[in-house]
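Chemist: Numbering (the working numbering), first residue to last: 73 to 248. All C-beta atoms, glycine included, are put in the ideal place defined by N, C-alpha and C. None of the values given here were measured: they were computed from a predicted structure.
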Amino acid sequence: MVAAVYAGALAAALFATGSASTPGVSLETVGQFAPPSASATAKAVTYDKTLVPTGAWIRVRQHTQSNGVTTVQLRMVGVKPNHLFGAHVHQKACAADPAAAGSHYQDKAGMDAAHMSAQNEVWLDFKSDSHGTGMGAAQHNWSFRKGEAASVVIHSEPGTKGSRAACFTVPFGPTS
(Lines of atoms letter the chains of each structure in order from A and count residues from 1; the text may use other names and numbers.)
(Lines give C-alpha, C1' and ligand atoms only; values in the text may rest on other atoms or scores of the structure.)
Protein backbone atom coordinates (compact mmCIF):
# COMPACT_ATOMS: atom_id res chain seq x y z
CA MET A 1 0.00 0.00 0.00
CA VAL A 2 2.80 2.44 0.88
CA ALA A 3 4.51 1.68 -2.45
CA ALA A 4 1.28 2.40 -4.34
CA VAL A 5 0.83 5.73 -2.53
CA TYR A 6 4.49 6.64 -3.19
CA ALA A 7 4.19 5.67 -6.88
CA GLY A 8 1.06 7.79 -7.21
CA ALA A 9 2.73 10.79 -5.55
CA LEU A 10 5.84 10.34 -7.71
CA ALA A 11 3.77 10.20 -10.89
CA ALA A 12 1.79 13.28 -9.84
CA ALA A 13 5.00 15.23 -9.22
CA LEU A 14 6.67 14.12 -12.45
CA PHE A 15 3.65 14.75 -14.58
CA ALA A 16 2.39 17.95 -12.99
CA THR A 17 0.99 20.27 -15.60
CA GLY A 18 2.26 23.80 -15.76
CA SER A 19 0.96 26.63 -17.85
CA ALA A 20 2.31 26.83 -21.38
CA SER A 21 5.00 29.46 -21.80
CA THR A 22 4.01 30.11 -25.41
CA PRO A 23 0.48 31.29 -26.35
CA GLY A 24 -1.55 28.63 -28.11
CA VAL A 25 -3.43 25.46 -27.30
CA SER A 26 -2.05 22.48 -25.35
CA LEU A 27 -3.39 18.97 -25.08
CA GLU A 28 -1.89 16.56 -22.55
CA THR A 29 -2.44 12.85 -21.97
CA VAL A 30 -0.98 10.77 -19.12
CA GLY A 31 -1.06 7.00 -18.72
CA GLN A 32 0.34 4.01 -16.87
CA PHE A 33 1.46 0.97 -18.87
CA ALA A 34 -0.31 -2.38 -18.56
CA PRO A 35 0.09 -5.65 -20.45
CA PRO A 36 -2.13 -6.13 -23.52
CA SER A 37 -4.23 -8.67 -21.63
CA ALA A 38 -5.07 -6.23 -18.80
CA SER A 39 -7.92 -4.50 -20.59
CA ALA A 40 -9.26 -4.17 -24.08
CA THR A 41 -9.52 -0.43 -23.47
CA ALA A 42 -6.07 0.25 -21.97
CA LYS A 43 -4.56 3.33 -23.59
CA ALA A 44 -0.96 2.52 -22.48
CA VAL A 45 0.12 -1.00 -23.50
CA THR A 46 3.52 -2.62 -22.97
CA TYR A 47 4.65 -5.37 -25.33
CA ASP A 48 8.22 -5.71 -23.98
CA LYS A 49 8.18 -5.60 -20.17
CA THR A 50 11.99 -5.60 -19.95
CA LEU A 51 12.09 -2.21 -21.70
CA VAL A 52 8.74 -0.74 -20.57
CA PRO A 53 7.65 -2.55 -17.39
CA THR A 54 4.05 -2.76 -16.28
CA GLY A 55 3.45 0.31 -14.11
CA ALA A 56 5.79 2.64 -16.05
CA TRP A 57 4.31 6.09 -16.71
CA ILE A 58 4.08 8.24 -19.84
CA ARG A 59 3.02 11.81 -20.54
CA VAL A 60 2.56 13.25 -24.02
CA ARG A 61 1.86 16.92 -24.59
CA GLN A 62 0.92 18.54 -27.90
CA HIS A 63 1.21 22.33 -28.02
CA THR A 64 0.17 24.27 -31.10
CA GLN A 65 1.11 27.94 -31.20
CA SER A 66 -1.12 30.56 -32.77
CA ASN A 67 1.28 30.65 -35.75
CA GLY A 68 0.67 26.90 -36.42
CA VAL A 69 3.98 25.58 -35.05
CA THR A 70 3.33 22.29 -33.23
CA THR A 71 5.52 20.83 -30.49
CA VAL A 72 5.10 17.30 -29.15
CA GLN A 73 6.80 16.40 -25.88
CA LEU A 74 7.19 12.92 -24.39
CA ARG A 75 8.23 12.02 -20.85
CA MET A 76 8.51 8.46 -19.53
CA VAL A 77 9.22 7.23 -16.01
CA GLY A 78 10.00 3.67 -14.95
CA VAL A 79 11.47 2.36 -18.21
CA LYS A 80 14.72 0.40 -18.60
CA PRO A 81 17.58 2.63 -17.38
CA ASN A 82 20.30 3.86 -19.75
CA HIS A 83 18.55 2.64 -22.88
CA LEU A 84 18.14 4.35 -26.27
CA PHE A 85 14.51 4.24 -27.36
CA GLY A 86 12.84 5.18 -30.59
CA ALA A 87 9.45 6.89 -30.33
CA HIS A 88 7.16 8.07 -33.12
CA VAL A 89 3.61 9.27 -33.59
CA HIS A 90 1.60 6.55 -35.36
CA GLN A 91 -1.65 6.64 -37.33
CA LYS A 92 -3.94 4.40 -35.25
CA ALA A 93 -4.78 3.68 -31.62
CA CYS A 94 -3.04 0.98 -29.58
CA ALA A 95 -4.36 -2.55 -29.19
CA ALA A 96 -3.18 -5.98 -28.02
CA ASP A 97 -1.48 -6.50 -31.39
CA PRO A 98 1.55 -4.17 -31.69
CA ALA A 99 0.91 -3.74 -35.44
CA ALA A 100 -2.55 -2.26 -34.76
CA ALA A 101 -1.07 1.26 -34.37
CA GLY A 102 -0.30 1.28 -38.08
CA SER A 103 2.47 3.26 -39.72
CA HIS A 104 4.20 6.48 -38.71
CA TYR A 105 2.09 9.61 -39.09
CA GLN A 106 3.50 11.73 -41.91
CA ASP A 107 2.83 15.34 -42.83
CA LYS A 108 3.34 14.42 -46.48
CA ALA A 109 2.02 10.86 -46.78
CA GLY A 110 4.04 8.14 -48.55
CA MET A 111 5.96 5.57 -46.52
CA ASP A 112 8.92 5.26 -48.89
CA ALA A 113 12.43 6.01 -47.68
CA ALA A 114 12.30 9.59 -48.99
CA HIS A 115 9.38 10.41 -46.66
CA MET A 116 10.64 8.66 -43.50
CA SER A 117 12.42 11.51 -41.73
CA ALA A 118 12.28 13.59 -38.58
CA GLN A 119 11.11 16.54 -40.72
CA ASN A 120 8.08 14.71 -42.17
CA GLU A 121 7.28 12.63 -39.08
CA VAL A 122 7.23 13.16 -35.31
CA TRP A 123 10.34 11.48 -33.89
CA LEU A 124 10.60 11.57 -30.10
CA ASP A 125 13.65 9.31 -29.64
CA PHE A 126 15.25 9.50 -26.19
CA LYS A 127 17.76 7.90 -23.84
CA SER A 128 16.56 7.00 -20.37
CA ASP A 129 18.73 8.04 -17.46
CA SER A 130 20.08 5.79 -14.68
CA HIS A 131 16.69 6.03 -12.93
CA GLY A 132 14.63 5.02 -15.98
CA THR A 133 13.35 8.50 -16.84
CA GLY A 134 13.54 9.89 -20.35
CA MET A 135 12.24 12.76 -22.46
CA GLY A 136 11.94 13.50 -26.15
CA ALA A 137 10.53 16.42 -28.12
CA ALA A 138 9.89 17.42 -31.72
CA GLN A 139 8.73 20.68 -33.29
CA HIS A 140 7.24 21.20 -36.75
CA ASN A 141 5.73 24.00 -38.81
CA TRP A 142 2.68 21.82 -39.49
CA SER A 143 -0.14 20.40 -37.40
CA PHE A 144 -1.90 17.04 -37.35
CA ARG A 145 -4.76 16.26 -39.70
CA LYS A 146 -7.95 15.29 -37.88
CA GLY A 147 -8.23 11.55 -37.27
CA GLU A 148 -4.86 10.64 -38.83
CA ALA A 149 -2.59 10.55 -35.74
CA ALA A 150 -3.68 8.47 -32.74
CA SER A 151 -0.73 7.07 -30.75
CA VAL A 152 2.91 7.17 -29.76
CA VAL A 153 4.77 3.90 -30.28
CA ILE A 154 7.89 3.30 -28.20
CA HIS A 155 10.44 1.27 -30.19
CA SER A 156 13.27 -0.88 -28.82
CA GLU A 157 15.84 1.16 -30.82
CA PRO A 158 16.08 4.78 -32.06
CA GLY A 159 15.41 5.95 -35.60
CA THR A 160 13.43 3.67 -37.88
CA LYS A 161 14.77 0.46 -36.36
CA GLY A 162 13.56 -1.71 -33.53
CA SER A 163 10.51 -3.67 -32.50
CA ARG A 164 7.46 -2.08 -30.88
CA ALA A 165 8.06 -2.15 -27.13
CA ALA A 166 4.98 -0.17 -26.04
CA CYS A 167 2.13 1.98 -27.34
CA PHE A 168 0.19 4.92 -25.89
CA THR A 169 -3.09 6.12 -27.40
CA VAL A 170 -3.16 9.92 -27.64
CA PRO A 171 -5.95 12.12 -29.08
CA PHE A 172 -3.72 14.09 -31.47
CA GLY A 173 -5.33 16.48 -33.82
CA PRO A 174 -5.80 20.02 -34.93
CA THR A 175 -6.24 22.32 -31.96
CA SER A 176 -8.06 25.15 -33.65
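Taking the beta strand (DSSP E) that A223 falls in, what are its first and last residues?
Modeler: Walking along the sequence shown from the start, residue 223 turns up at place 151. Strictly speaking, residue 223 in this sequence is Ser, with Ala absent from that position. First-last of the beta strand (DSSP E) with S223: 223 to 227.
Chemist: Cα separation between K115 and N139?
Modeler: In the sequence shown, residue 115 corresponds to position 43, counting from 1. In the sequence shown, residue 139 corresponds to position 67, counting from 1. Going by the C-alpha atoms only, they are around 30 Å apart.
Chemist: Could you tell me which of F216, F105, M148 sits nearest to C166, measuring between CA atoms?
Modeler: Against the sequence shown, residue 166 aligns to sequence position 94. Comparing Cα-Cα distances from C166 to each of F216, F105, M148, the minimum goes to F105.
Chemist: Could you tell me the alpha carbon to alpha carbon distance between G253 and E229, rounded to whole angstroms?
Modeler: The structure shown does not extend to residue 253, since the chain is modelled only from 73 to 248, so the question has no answer here.
Chemist: Check whether the region 171 to 185 and the region 198 to 206 are in contact - that is, three or more C-beta pairs closer than 8 Å.
Modeler: Of all C-beta pairs linking the region 171 to 185 to the region 198 to 206, fewer than three are shorter than 8 Å, placing the two stretches out of contact.
Chemist: Let me check one thing: in DSSP terms, what residues is R217 bridge-paired to?
Modeler: For the purposes of this step, residue 217 is identified with residue 145 of the sequence shown, where counting begins at 1. In the DSSP output, where bridge partners are listed per residue, R217 has none listed.
Chemist: Which first and last residues belong to the beta strand (DSSP E) in which A238 is found?
Modeler: Here the question's residue 238 lines up with position 166 in the sequence shown. Per DSSP, A238 belongs to the beta strand (DSSP E) from 236 to 241.
Chemist: Roughly how many angstroms separate the alpha carbons of S163 and P125, rounded to a whole number?
Modeler: The residue you call residue 163 lines up with position 91 of the sequence shown. The residue you call residue 125 lines up with position 53 of the sequence shown. First, the residue type needs correcting, since residue 163 is Gln and not Ser in the sequence shown. Between Q163 and P125, the C-alpha separation is close to 24 Å.
Chemist: Rounding to the nearest angstrom, what Cα-Cα distance links K121 and E100 in this structure?
Modeler: Residue numbering aside, residue 121 sits at position 49 when the sequence shown is read from its first letter. Residue numbering aside, residue 100 sits at position 28 when the sequence shown is read from its first letter. Cα to Cα, the separation comes out at about 24 Å.
Chemist: Apart from the five residues just before and just after G174, which ones in its own chain have a Cβ nearer than 6 Å to its Cβ?
Modeler: What you label residue 174 is simply residue 102 of the sequence shown in a count that begins at 1. Same-chain partners within the cutoff: H162, Q163, K164.
Chemist: For A209, name the three-state secondary structure that DSSP assigns.
Modeler: For the purposes of this step, residue 209 is taken as residue 137 along the sequence shown, with counting starting at 1. Reduced to three states, the DSSP call for A209 is strand.
Chemist: Between which two residues does the beta strand (DSSP E) containing W195 stretch?
Modeler: Taking the sequence shown and counting its residues from 1, one reaches residue 195 at position 123. Segment: none, W195 is in no beta strand (DSSP E) and carries neither H nor E.
Chemist: Closest to P243 by C-alpha separation, out of E193, Q211, K218, K233, would be which residue?
Modeler: Reading the sequence shown from its first residue, position 171 is the one you call residue 243. With distances taken between Cα atoms, P243 lies closest to K218.
Chemist: With H, G and I counted as helix, E and B as strand and the rest as coil, what does DSSP make of A173?
Modeler: For the purposes of this step, residue 173 is taken as the residue at position 101 of the sequence shown. Residue state, collapsed to three classes: helix.
Chemist: Whose CA, out of H135, R236, H155, lies closest to the CA of S202?
Modeler: Residue numbering aside, residue 202 sits at position 130 when the sequence shown is read from its first letter. With distances taken between Cα atoms, S202 lies closest to H155.
Chemist: With a cut-off of 8 Å on the beta carbons, I'd call V225 and H160 a contact; round off their distance for me.
Modeler: Here the question's residue 225 lines up with position 153 in the sequence shown. Here the question's residue 160 lines up with position 88 in the sequence shown. With 8 Å as the limit, V225 and H160 qualify as a contact, their Cβ atoms being about 6 Å apart.
Chemist: Could you check where the beta strand (DSSP E) with A116 kicks off and where it finishes?
Modeler: Locating residue 116 in the sequence shown gives position 44, where the first residue counts as 1. 116 to 118 is the span of the beta strand (DSSP E), which, as asked, contains A116.
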